[in-house]
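Those letters in the sequence shown? Residues 796 to 1153, per our numbering, in order.
Even glycine gets a Cβ: it sits at the ideal position worked out from N, Cα and C.
Here's the structure we're looking at; comments come further down.
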Amino acid sequence: MKPKLPIDLWLMAPVIVLITVSLTTLFSINTAFFKSQIISLVIGIIAFLVFSKINIDFLKAFKLPIYILSLVFLLITFVIGVETRGAVRWIDIFGIRFQFSEILKPFLSLSFAAQLSEENSSGMKSFLLNVAFLIPVVGLIFLQPDLGTALLYAGAGFFALVIFGYPLVWFFILLFPLLLISPFLGFLLHGYQMKRISTFLNPSQDPLKSSYNGIQAIIAVGSGTLLGKGISEGTQSVLKFLPERHTDFIFATVAEGIGFLGTSVVIFSFILLAYRIYILFNQADDRFSQIFLSLSFGFLLIQGFVNMAMNIGLLPIVGITLPFVSFGGSSLLSNFIFLGLITSLSVNSRNKHVLEIR
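Dropping the structure here:
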């Protein structure tokens, strides 16, 4: 009998495709981005190997310290964080910038999954307590301000609560008051956030300022047509008409360079990744694994969908990167830690089934 590989090839294959697309695209627009991303990739792979071997049952025992430390790191960001474009999201350590709201995703997912898996009740009190678990995290990220990432945390958390089995009507009851007062919530948003919403509804109202990013992204996507203009040949990305062409709008850069067929490969890779996580979810025989996998699904796939949708004008522009494709060390590290923990669950599940058969 052939020995089982210590990694999940079905999980890693689409990731390898996405990384290849990322590095090729970054090399085509700026070799400095490419070199920096290679370093981040090496660190991410090391993190993946470490967390794929880790005993998750051991980590589950530290769910409360992980949660408290996560809040501390988010609070520290306000004290020693670096302000960029009006937002304080990064901490500079020895010249290297870390975005804790990104890095903490897998750890807070683990903590939340451990918390939910130990619930003995699915009543309203339990529901409200678990919502309260999410509020400080979402609130601190919102205040950075980082509305996109805050909504991502809220979305992934609520997705896990639905998977846990809380009645959908409770979510409606919780959100209904917010819907009623939503027209008056503008004072909670920054001016640029309100402009992003208004320009999404009417892109032509300010084409040289608040609508500029979205318009340039749509132009880049459309100009790629079926096969693209070719690597390093895209005018929007290479000539820097497209802002944030290596981070938030890298999907538009990919579309301009390798066209509809190239972006189809990216989309299909995300579908395969989602399907593999879904298969692992169905194979999981314990509540913790199912909840953690649902959170992983939420973070990776909701983020991917939102990024691609805002690149083609289907959603307002928010500061969300494309997992495994966008430039950024913190995001790549976070995603590889997710993969490591998912691999650990997958391998342990396979070993358990083999032992049961024997």
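is_contact[residue i, chain B] using C-beta, thresh 9 Å
i: I1132; result: The chain labelled as chain B is not found in the depicted structure, where only one protein chain is given.
Residue span of the alpha helix (DSSP H) that contains residue i, given as start and end
i: K920; result: 919-937
i: P809; result: 804-824
i: V1016; result: 1007-1018
i: G1057; result: 1045-1078
i: V957; result: 942-959
i: Q1000; result: No alpha helix (DSSP H) holds Q1000; DSSP gives it neither H nor E.
i: S1091; result: 1082-1092
i: S916; result: Careful: S916 lies outside any alpha helix (DSSP H) and carries neither H nor E.
i: S1032; result: 1030-1033
i: V1101; result: 1098-1106
Sequence-distant residues of the same chain with beta carbon closer than 6 Å to residue i, five excluded per side
i: I958; result: S1089
i: E897; result: S1125, S1126, S1129
i: E914; result: S921
i: I1107; result: V1016
i: G1135; result: F843, F846, S847
i: Y862; result: S906
i: L1096; result: A1069
i: M1103; result: F1046
i: L1155; result: Examination of residue 1155 is not possible in this model, given that the chain is present from 796 through 1153 alone.
i: L1075; result: L1088, S1141
i: V933; result: A945, Y948, A949
i: F953; result: none
i: D887; result: V877
i: G839; result: L1127, L1128, F1131
Sequence-distant residues of the same chain with beta carbon closer than 8 Å to residue i, five excluded per side
i: F937; result: A945
i: G1052; result: T820, S823, G1019, G1023, K1024, G1025, I1026, S1027, E1028, G1029, S1032
i: Q1000; result: S993, T994, S1006
i: L859; result: S906
i: W965; result: M919, F922
i: S917; result: F959, G960, Y961
i: Y1073; result: F1092
Nearest-angstrom beta carbon gap, residue j and residue i [assumed within contact, 8 Å]
i: F1122; j: T1058; result: In fact, because the Cβ distance is near 17 Å, the residues do not count as touching under 8 Å.
i: S831; j: I802; result: Rounded, the Cβ-Cβ distance is 26 Å, inconsistent with contact.
i: I1115; j: A955; result: In fact, because the Cβ distance is near 19 Å, the residues do not count as touching under 8 Å.
i: F1055; j: L1109; result: No, F1055 and L1109 are not in contact; Cβ-Cβ is about 16 Å, not under 8 Å.
i: L870; j: L929; result: So it is not a contact: roughly 16 Å between Cβ atoms.
i: F1203; j: V883; result: Any property of residue 1203 remains undetermined from this structure, which presents the chain solely from 796 to 1153.
i: S865; j: L903; result: 5 Å
i: L1067; j: P809; result: 4 Å
i: F1133; j: P901; result: 5 Å
Cutoff 7 Å; reference residue i; Cβ partners in own chain excluding five residues on either side
i: P1002; result: I1010
i: W885; result: G876, V877, T879, R892, F893, Q894
i: A909; result: K855, K858, F1083
i: T1138; result: I802, D803, L806, S847
i: R1071; result: W805, L806
i: Q1098; result: L947, I1115, P1118
i: T826; result: none
i: I811; result: none
i: L899; result: S865, F868
Please list the segments of the beta strand (DSSP E) lying wholly inside the stretch 832-914, counting only runs of 3 or more residues, in order along the chain.
The beta strand (DSSP E) runs of length 3 or more contained entirely in the stretch 832-914 are, from start to end of the chain, 877-879, 882-888, 891-893.
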